[in-house]
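In our numbering, the protein residues as written are -13 to 86. First up is the structure itself, then whatever we jot down about it.
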Amino acid sequence: RAALALLGIKWLHWPTPDGRPPADLQALARITASLARLGGVLVHCVGGVGRTPTALAAYLIYRGMDAHEALRKVSEAVPAISISEEQYYALLELEAQLRG
-13 RAALALLGIK WLHWPTPDGR PPADLQALAR ITASLARLGG VLVHCVGGVG
37 RTPTALAAYL IYRGMDAHEA LRKVSEAVPA ISISEEQYYA LLELEAQLRG
């Protein structure tokens, strides 16, 4: 972490079990959007096919995309996307929360 700080990189650790959506997807999307205004954001997990695409789609939904468009956009960058049903429904719920 110290090396990242020296490079001006902020590190946010958001533990999420495989196949599950982040505990507070809306908060994660807000934080990611805030960090993106400061520069680039790197999102990763061990597999990179479920949790990472879910977090990226949440960010895009927060920025105004609908859930299906966000998932399509993420799948262009991450062709092997494989989100769980629970992650999918969490994204739909996030969209509903944000759009009222």
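Built from N, CA and C at the ideal position, the CB exists for glycine as well. Because the structure is a prediction, the values reported are computed rather than measured.
First and last residue of the uninterrupted alpha helix (DSSP H) at V60
Residues 53 to 63.
Do A43 and L77 have their CB atoms nearer than 8 Å?
Their beta carbons are under 8 Å apart, which means A43 touches L77 by this criterion.
Three Cβ pairs or more, each shorter than 8 Å: is that satisfied between the region -7 to 3 and the region 59 to 77?
No, the region -7 to 3 does not touch the region 59 to 77.
Taking C-alpha atoms, which residue in H54, R(-13), L46 lies nearest to L14?
When only C-alpha atoms are compared, the closest one is L46.
Using the rule of at least 16 other Cβ atoms within 10 Å of the residue's Cβ for burial, across every protein chain shown, is P1 buried or exposed?
Exposed: under 16 other Cβ atoms inside 10 Å.
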